[in-house]
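The structure appears below as structure tokens.
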Amino acid sequence: MRDIGRWLLAGFLAVAGIGHFAAADTFRAQVPPWMPYPEAVIAVSGVIQLGFAAALVLARERRALVGWLLAGFFIVIFPGNISQFVTGTDAFGLDSDFARGVRLLFQPVLVVWALWCTSAWRQWRRPD
Numbered sequence: 175m176r177d178i179g180r181w182l183l184a185g186f187l188a189v190a191g192i193g194h195f196a197a198a199d200t201f202r203a204q205v206p207p208w209m210p211y212p213e214a215v216i217a218v219s220g221v222i223q224l225g226f227a228a229a230l231v232l233a234r235e236r237r238a239l240v241g242w243l244l245a246g247f248f249i250v251i252f253p254g255n256i257s258q259f260v261t262g263t264d265a266f267g268l269d270s271d272f273a274r275g276v277r278l279l280f281q282p283v284l285v286v287w288a289l290w291c292t293s294a295w296r297q298w299r300r301p302d
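Letter by letter, the sequence shown follows residues 175 to 302 in my numbering.
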């Protein structure tokens, strides 16, 4: 199950990473207004997501480290989701405060998913 979860998460990240370039205007909704150079933020975030997608599939020896770094990435980008909620910006089909609020609840799911599918949490709890 973990392998399936890891491949699904890698696919999700690959699609999102490509989307940062194919639909950059849509991703602008997540960049807080106070952040400088939003186009660069979108591009760098897309590259990082593509890198994580590859690492989830290829970095067998460092899988737990990838899990922790990815969980941290999901936490770091969370202010963008909060900004979208606070500013009431429509994007990704999120056209109501309710929809944007529900989306906020899924960020912890992504953190847990990253730690679970890479066995990062289990490895930390039971070091070799």
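Here a beta-carbon is modelled for each residue, glycine too, at the ideal position from N, C-alpha and C.
Buried or exposed (CB count within 10 angstroms, at least 16 for buried), V205
buried
How many angstroms separate the CA atom of R202 from the CA atom of H194?
9 Å
Between the alpha carbons of A227 and A188, how many angstroms are there, rounded?
6 Å
Proximity of A238 and A294 at Cβ, strictly below 8 Å
yes
To the nearest angstrom, how far is the alpha carbon of P253 from that of R300?
32 Å
Contact defined as beta carbons within less than 8 Å: I believe L230 pairs with V240. What is the distance between those atoms, to the nearest angstrom?
6 Å
Consult DSSP for C265 and reduce its assignment to one of helix, strand or coil.
According to the sequence displayed, residue 265 carries Ala and not Cys. In the structure shown, A265 sits in a strand (DSSP, three-state: E or B).
Could you check the C-alpha separation between L289 and A245 for me, to the nearest Å?
7 Å
V218 versus F247: straight-line alpha-carbon distance, rounded:
12 Å
Label V215 either buried or exposed according to how many other C-beta atoms from any shown protein chain fall within 10 Å of its C-beta, with 16 as the threshold for buried.
buried
Shortest alpha-carbon distance to L279 belongs to which of N255, W298, C291?
N255
What are the boundary residues of the alpha helix (DSSP H) that R234 is part of?
Taken as a continuous stretch (DSSP letters only), R234 belongs to no alpha helix (DSSP H), as it is neither H nor E.
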